[in-house]
Amino acid sequence: MEKYIKSYGTLVIVFVVGVFMGWLFFGGESTSEEMSSTHHEHTEGTFYTCSMHPQIHQKDPGNCPLCGMKLIPESGDTSVDVNHITLSKSATALANIQTTSVLKSSPKKVLQMQGKIAVDERRTYAQASHIAGRIEKSYVNYIGEKIKKGQKLATLYSPQLVTAQREYFEAKKVKDSNPQLLRSAIEKLRLWKLSEKQIREIDKSGKVKTVFDIRADISGVITQLNVLEGDHVMQGKILYEVADLSRLWVKFDAYESDLAWVKVGDQISFTVTSYPGETFTTKVSFIDPFINPKTRVASVRGNVVNREHKLKPEMFVNGKIQAELPVNNEVIVVPKSSVMWTGPRSVVYVKVPNVDTPTFEMKEVVLGAELTNSYIIKKGLKDGDRVVTQGTYTVDAAAQLKGKPSMISQKIGVETEPTSTYEVSAQFAASFKKVYQNYLLVKDAFVASDDKRAEEFTITLQKSLNTISMHMLQGDAHMFWMKTSPNLKMNLNEMVKADNIDTRRRFFVQVSKELSDMIQRFGLSKNEKVYLMYCPMANDDMGASWLSNTKEVLNPYYGDMMLKCGEIKKEI
Numbered sequence: 001m002e003k004y005i006k007s008y009g010t011l012v013i014v015f016v017v018g019v020f021m022g023w024l025f026f027g028g029e030s031t032s033e034e035m036s037s038t039h040h041e042h043t044e045g046t047f048y049t050c051s052m053h054p055q056i057h058q059k060d061p062g063n064c065p066l067c068g069m070k071l072i073p074e075s076g077d078t079s080v081d082v083n084h085i086t087l088s089k090s091a092t093a094l095a096n097i098q099t100t101s102v103l104k105s106s107p108k109k110v111l112q113m114q115g116k117i118a119v120d121e122r123r124t125y126a127q128a129s130h131i132a133g134r135i136e137k138s139y140v141n142y143i144g145e146k147i148k149k150g151q152k153l154a155t156l157y158s159p160q161l162v163t164a165q166r167e168y169f170e171a172k173k174v175k176d177s178n179p180q181l182l183r184s185a186i187e188k189l190r191l192w193k194l195s196e197k198q199i200r201e202i203d204k205s206g207k208v209k210t211v212f213d214i215r216a217d218i219s220g221v222i223t224q225l226n227v228l229e230g231d232h233v234m235q236g237k238i239l240y241e242v243a244d245l246s247r248l249w250v251k252f253d254a255y256e257s258d259l260a261w262v263k264v265g266d267q268i269s270f271t272v273t274s275y276p277g278e279t280f281t282t283k284v285s286f287i288d289p290f291i292n293p294k295t296r297v298a299s300v301r302g303n304v305v306n307r308e309h310k311l312k313p314e315m316f317v318n319g320k321i322q323a324e325l326p327v328n329n330e331v332i333v334v335p336k337s338s339v340m341w342t343g344p345r346s347v348v349y350v351k352v353p354n355v356d357t358p359t360f361e362m363k364e365v366v367l368g369a370e371l372t373n374s375y376i377i378k379k380g381l382k383d384g385d386r387v388v389t390q391g392t393y394t395v396d397a398a399a400q401l402k403g404k405p406s407m408i409s410q411k412i413g414v415e416t417e418p419t420s421t422y423e424v425s426a427q428f429a430a431s432f433k434k435v436y437q438n439y440l441l442v443k444d445a446f447v448a449s450d451d452k453r454a455e456e457f458t459i460t461l462q463k464s465l466n467t468i469s470m471h472m473l474q475g476d477a478h479m480f481w482m483k484t485s486p487n488l489k490m491n492l493n494e495m496v497k498a499d500n501i502d503t504r505r506r507f508f509v510q511v512s513k514e515l516s517d518m519i520q521r522f523g524l525s526k527n528e529k530v531y532l533m534y535c536p537m538a539n540d541d542m543g544a545s546w547l548s549n550t551k552e553v554l555n556p557y558y559g560d561m562m563l564k565c566g567e568i569k570k571e572i
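The UniProt record's numbering numbers the first residue of the sequence shown as 1 and each following residue consecutively.
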């Protein structure tokens with residue numbers, strides 16, 4: 001008996017705390033309303049909610065499906081405008097809803113680019129033999145050896161040079177009677193690339209030299225060794241290839257979507273793993289006018305002085321540009337956390353000014369370029385609007401529960417842009433369906449928190465994606481595939497390379513986004529169900545979506561920790 005009394009007492013305490021929290025969260029209902037809730041006296045038009053989970057909203061009293069607490073009557077929304085959603089001050093504080101005033105500014109973006117160090121092609125040199133002969137002695141024996149201008153590289157025996165010297169001495173004997181013959185003999189020696197100093201030495205010695213020195217034309221590092229001692233060489237043969245490494249190129253890969261942000265003269269800071277904590281700088285000197293058809297990137301090049309020779313060709317580098325979009329006027333920029341992304345036309349919530357109770361209005365905006373942590377707004381906001389920057393999805397959830405215009409229910413004063421679906425071949429449709437089915441296997445593995453199976457199914461998903469050829473699509477469908485598939489493949493590759501399930505889940509966020517966009521464009525067969533799910537807490541509270549073939553919410557980002565956290569956004 002005492003056990004039942006204790007249990008009943010616990011329930012009473014929980015109920016009283018719930019009633020108090022409901023009063024605090026929704027602005028305070030009267031005692032009579034609380035009592036009527038206790039006795040389940042339901043009046044027409046009254047809705048019930050949970051004091052701990054305000055997203056719960058139902059017509060009949062009962063218990064919260066999430067925590068089991070008794071539901072309490074919800075205060076009515078007194079806003080006159082049907083587009084407005086009003087929350088009590090205490091609810092706004094509990095949900096930590098924050099707003100920021102938007103201002104016009106110059107759009108800036110931090111571009112991250114990968115690349116590598118390369119030899120400056122303008123500072124390479126081919127040391128050639130200007131006359132046929134035999135290498136008697138080589139003083140350069142390995143690739144990478146440093147040489148200086150004028151350094152002896154090899155000695156060469158050349159019968160042609162021996163003959164030319166003899167002709168010189170014979171011409172010298174008759175120089176008084178035939179000076180032109182002497183001039184011709186000297187010019188012949190010059191044509192064999194003998195220096196004036198060497199010609200004077202020959203003249204002074206009065207003897208025919210049998211071997212001649214080959215000296216370095218420039219300073220640098222030997223990059224190619226083409227001869228050995230005893231080799232016979234022909235006139236014009238390249239003996240050594242030399243590169244000057246005191247100045248190098250840094251080549252970065254820039255994606256098509258980032259090229260608008262890069263211009264000649266921009267400063268790039270970059271790092272190499274060999275020198276952690278040290279930052280190098282360069283300026284953009286050249287942007288490749290062609291896109292690589294395989295990687296879909298353009299090369300962005302800079303010059304760097306390498307006085308201490310810390311940098312080596314083929315070193316990988318990570319670069320960063322503080323880029324500005326070349327626009328004539330300042331534009332409105334909002335944080336990414338404010339935008340509920342639904343495509344080029346997305347949704348933000350704006351705080352209604354000059355009202356006592358926190359009131360918000362959903363506005364559709366046209367997105368411009370994506371910045372590092374924000375978007376450019378082309379249309380839909382004006383300078384000075386206060387947008388919700390934290391708690392956006394909480395406001396949207398409240399709007400949905402009250403039947404107000406929301407992200408998935410844009411009813412009043414909102415023009416929606418229909419998503420166009422491309423026509424695709426039967427071959428592509430069959431292959432793409434297999435991609436979606438393999439995606440579901442990966443998703444289910446994450447739901448079960450099975451990292452091994454997640455990795456295996458990701459590899460399977462990769463293989464099915466690689467069976468799709470770009471030649472299966474035509475026109476706009478082909479261009480859309482070429483634009484989106486590289487990112488999908490890149491994120492899948494990162495999932496495979498990851499060494500733990502948390503890292504795989506982070507890349508799964510982007511995989512789900514890319515595949516969702518593709519399905520909305522390419523479609524699936526009518527008997528294939530696709531539901532877009534959303535969890536506001538995933539992805540470090542930035543929110544993340546995933547795809548499912550059932551209406552049951554099973555969260556792949558948290559697994560057993562919060563298996564049911566999320567909601568159905570729409571059926572695709």
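Every residue gets a Cβ at the ideal spot worked out from N, C-alpha and C, and that includes glycine.
Quick caveat: nothing in here was measured; it's all calculated off a predicted structure.
As assigned by DSSP and simplified to three states, the class of residue i
i	result
Arg386	strand
Thr279	coil
Glu528	coil
Glu494	helix
Pro536	coil
residue 575	The question about residue 575 has no answer here: the residues shown for the chain are numbered 1 through 572.
Ile291	coil
Thr394	helix
Thr359	strand
Ser374	strand
Thr458	helix
Val264	coil
Pro73	strand
Lys320	strand
Asp499	coil
His471	helix
residue 591	Nothing can be reported for residue 591: it is not among the residues displayed for the chain, which extend from 1 to 572.
Per-residue burial, residue i [other beta carbons within 10 Å of its own, 16 or more giving buried]
i	result
Arg307	exposed
Pro107	buried
Asp258	buried
Val333	buried
Ile376	buried
Arg505	buried
Phe25	Per-residue confidence for Phe25 stands at a pLDDT of 41, beneath the threshold of 50, marking its modelled position as unreliable; no derived number is given.
Asn491	buried
Glu278	exposed
Asn292	exposed
Arg305	Looking at the sequence shown, residue 305 is not Arg but Val. Looking at its Cβ environment, which holds fewer than 16 other Cβ atoms inside 10 Å, Val305 is exposed.
Pro405	buried
Asn555	buried
Gly343	exposed
Asp396	buried
Lys551	exposed
CB contact check: residue i to chain D, cutoff 8 Å
i	result
Asp541	Looking for chain D here will not work: only one protein chain is present.
Contact under 8 Å by Cβ, residue i with residue j
i	j	result
Leu239	Ser158	no
Gly302	Val284	yes
Arg345	Val366	yes
Gly213	Tyr125	Here residue 213 is Asp; the residue named in the question, Gly, does not match the sequence. Cβ atoms of Asp213 and Tyr125: not closer than 8 Å.
Tyr534	Gly543	yes
Ser337	Gln400	no
Val119	Pro313	yes
Ile143	Thr223	yes
Through-space distance from residue j to residue i, alpha-carbon basis
i	j	result
Ala477	Ile572	18 Å
Ser79	Lys463	Low confidence applies here, because Ser79 scores a pLDDT of 44, under 50, leaving its location unreliable and the question unanswered by this model.
Lys148	Gln198	19 Å
Leu156	Phe290	45 Å
Ser184	Arg296	59 Å
Met472	Ser525	17 Å
Val300	Lys351	43 Å
residue 575	Ser274	The requested residue 575 is not part of the displayed model; the chain covers only 1 to 572.
Asp444	Lys434	15 Å
Leu228	Gly206	31 Å
Gln322	Lys109	6 Å
Ala93	Lys402	20 Å
Ala260	Gln98	33 Å
Near the ligand MN: residue i beta-carbon under 7 Å from a heavy atom
i	result
Ala429	This structure lacks the ligand MN; in fact it carries no ligand of any kind.
Give a yes or no on contact between the segment 264–280 and the segment 222–237, applying the rule of three or more CB pairs nearer than 8 Å. The segment 264–280, when compared against the segment 222–237, does not touch it at the 8 Å Cβ threshold.
Would the segment 450–459 count as touching the segment 390–410 if we require 3 or more Cβ pairs under 8 Å? Fewer than three beta-carbon pairs drawn from the segment 450–459 and the segment 390–410 are found closer than 8 Å, and the two stretches are therefore not classed as touching.
Evaluate the contact criterion for the segment 383–397 versus the segment 548–566: three or more CB pairs, one atom per stretch, below 8 Å. These segments do not touch.
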